[in-house]
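Colleague:
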Amino acid sequence: MPPAPSDPASVRSPHHLANQLHHGRRHFLLDLSEVPFMDSSGMNIILRVYQEARELPGSVHIISPTAAVRRVLDLTGVSITVPVSESVEEALSRIDAQPEGPQVPGA
Numbered sequence: 108m109p110p111a112p113s114d115p116a117s118v119r120s121p122h123h124l125a126n127q128l129h130h131g132r133r134h135f136l137l138d139l140s141e142v143p144f145m146d147s148s149g150m151n152i153i154l155r156v157y158q159e160a161r162e163l164p165g166s167v168h169i170i171s172p173t174a175a176v177r178r179v180l181d182l183t184g185v186s187i188t189v190p191v192s193e194s195v196e197e198a199l200s201r202i203d204a205q206p207e208g209p210q211v212p213g214a
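Numbering (the numbering used here), first residue to last: 108 to 214.
What follows is the structure in structure tokens.
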């Protein structure tokens, strides 16, 4: 059973994501298919990891958000910034299509 939003295990997830970034992970697939609700804290975590991953360069992809979460992502514009895919395969194909190497502004 996934941890409840108030469960300390779910509070540790931002630290886990940051730890993965600092240990060389570049691409993150966030499966939100079983997340019934997302508030500003959840969106901030996604955006923070997205910003840090882009600097590597890397990427963050949201996978299969529930209807309620998708609505929040759309209303706040997060879904415009962070790619949303319906499947892991779709997200992996987007990652494969990305150019490798550092992203140089204005290049």
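Every residue gets a Cβ at the ideal spot worked out from N, C-alpha and C, and that includes glycine.
If we count Cβ pairs, one from each stretch, closer than 8 Å, do we get three or more for the region 192 to 199 versus the region 154 to 164?
Modeller: Judged by Cβ distances under 8 Å, the region 192 to 199 makes no contact with the region 154 to 164, as fewer than three pairs qualify.
Colleague: For T188, which residues in the same chain have their Cβ closer than 8 Å to its Cβ, ignoring the five residues on either side in sequence?
Modeller: For the purposes of this step, residue 188 is identified with residue 81 of the sequence shown, where counting begins at 1. Cβ within range, chain order: L154, Y157.
Colleague: Per DSSP, what kind of secondary structure is P191 in: helix, strand or coil?
Modeller: What you label residue 191 is simply residue 84 of the sequence shown in a count that begins at 1. Note that residue 191 is Val in the sequence shown, not Pro. Three-state result, V191: strand.
Colleague: DSSP has I170 in a bridge; who is on the other side?
Modeller: For the purposes of this step, residue 170 is taken as the residue at position 63 of the sequence shown. I170 is bridged to D138, S192.
Colleague: How big is the Cα-Cα spacing for M145 and L199?
Modeller: In the sequence shown, residue 145 corresponds to position 38, counting from 1. In the sequence shown, residue 199 corresponds to position 92, counting from 1. Roughly 24 Å between the two C-alpha positions.
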